[in-house]
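Each residue of the sequence shown is one higher than the last, beginning at 6 in the numbering used here. First comes the structure, then the notes that go with it.
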Amino acid sequence: MNTKMNKAMNTICNDPYIYTIDNFLTPKECKFIIDVSKDNLTLAGVSLDKKQTDSEKKVYKGRTNSSYWMPHNAYPETLEIAKRIAKRIGCNYQCFENFQVIHYDENEEYKYHYDAYNKEEKEKYKKFCGERGNRIRTVLVYLNDVKEGGGTGFDSLSEYEDTVIVEPRTGKMVVFNNVNDDGSLNKKSRHAGLPVIQGEKWAFNLWLRERE
Numbered sequence: 006m007n008t009k010m011n012k013a014m015n016t017i018c019n020d021p022y023i024y025t026i027d028n029f030l031t032p033k034e035c036k037f038i039i040d041v042s043k044d045n046l047t048l049a050g051v052s053l054d055k056k057q058t059d060s061e062k063k064v065y066k067g068r069t070n071s072s073y074w075m076p077h078n079a080y081p082e083t084l085e086i087a088k089r090i091a092k093r094i095g096c097n098y099q100c101f102e103n104f105q106v107i108h109y110d111e112n113e114e115y116k117y118h119y120d121a122y123n124k125e126e127k128e129k130y131k132k133f134c135g136e137r138g139n140r141i142r143t144v145l146v147y148l149n150d151v152k153e154g155g156g157t158g159f160d161s162l163s164e165y166e167d168t169v170i171v172e173p174r175t176g177k178m179v180v181f182n183n184v185n186d187d188g189s190l191n192k193k194s195r196h197a198g199l200p201v202i203q204g205e206k207w208a209f210n211l212w213l214r215e216r217e
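Listed below in structure tokens is the structure:
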């Protein structure tokens with residue numbers, strides 16, 4: 006039995022579908038990704054064009070962390086991780102965007118936002134989604150334990166009265182859908198990278214697009 010592939014799922018919400026898997030990555034794998042990313046971090050921006058370089062991306066005042074876009078095949082280890090995640094969630098890894106490794110120092114955050122684009126905003130949607138389609142699903146993996154703060158908050162889930170916070174733990178994977186069955190933006194998927202109060206936070210995003 007492949008224990009890496011048979012971790013138990015913890016369902017948080019059904020609309021949008023959100024679940025977590027503890028210890029999906031090993032501490033060794035998490036440390037590897039942190040180590041190869043440390044010297045490549047730049048101020049995180051919000052890209053409206055997939056052809057933009059990191060330096061060309063729009064700086065968004067609601068986002069204060071740093072990031073590094075790493076190709077799946079940058080290392081044998083990262084390619085294996087991308088393929089394992091794809092197999093676990095049932096997709097082709099080539100439909101993922103590159104790894105977005107993210108780092109938050111104390112007091113840094115990413116305010117509430119959506120990962121997918123709204124079809125009603127036609128120009129923005131066409132610019133970002135025309136070739137590969139929308140970001141239909143988000144995979145977020147935490148790479149370290151945060152002393153205090155730094156969770157992922159969901160504030161629009163109708164199944165809960167209060168904001169749901171997923172606490173960052175080494176190797177934990179969070180998966181959630183960004184769109185409805187008809188492809189429209191699911192506005193309940195609104196979420197935030199909450200401020201780090203003490204320590205630092207490392208994680209990575211893998212966004213699943215509709216096409217390769």
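C-beta atoms are modelled at their ideal positions from N, C-alpha and C, and glycine is treated no differently.
Exposed unless 16 or more other CB atoms sit within 10 angstroms - verdict on residue i
| i | result |
| --- | --- |
| Ser-189 | exposed |
| Ala-197 | buried |
| Ile-202 | exposed |
Same chain, Cβ closer than 7 Å to residue i, neighbours up to 5 away in sequence not counted
| i | result |
| --- | --- |
| Asp-160 | Tyr-117, Thr-168, Arg-195 |
| Lys-88 | Tyr-98 |
| Tyr-185 | Tyr is not the amino acid found at residue 185; the sequence shown has Asn there. Same-chain partners within the cutoff: Asn-191. |
| Tyr-130 | Tyr-122, Asn-123, Lys-124 |
For residue j and residue i, the rounded distance between their alpha carbons
| i | j | result |
| --- | --- | --- |
| Glu-5 | His-77 | Here the chain has residues from 6 to 217 only, and residue 5 is not among them. |
| Asp-20 | Glu-34 | 31 Å |
| Phe-29 | Tyr-119 | 24 Å |
| Glu-81 | Ile-38 | Sequence check: residue 81 is Pro here, not Glu. Roughly 12 Å separates the two Cα atoms. |
| Ala-13 | Asn-70 | 31 Å |
C-beta contact flag for residue i and residue j at 8 Å
| i | j | result |
| --- | --- | --- |
| Gly-138 | Pro-32 | no |
| His-108 | Trp-207 | yes |
| Asn-103 | Ile-141 | no |
| Cys-18 | Glu-166 | no |
| Leu-148 | Asn-210 | no |
For residue i: DSSP bridge partner residues
| i | result |
| --- | --- |
| Gln-105 | Trp-74, Asn-210 |
| Gly-154 | Val-201 |
Neighbourhood of residue i by C-beta distance below 6 Å, restricted to the same chain and skipping five residues each side
| i | result |
| --- | --- |
| Ile-170 | Gly-156, Gly-158 |
Contacts around residue i, its chain only, beta-carbon distance under 8 Å, and the 5 residues preceding and following it disregarded
| i | result |
| --- | --- |
| Asn-15 | Tyr-24, Thr-25, Ile-26, Asp-27 |
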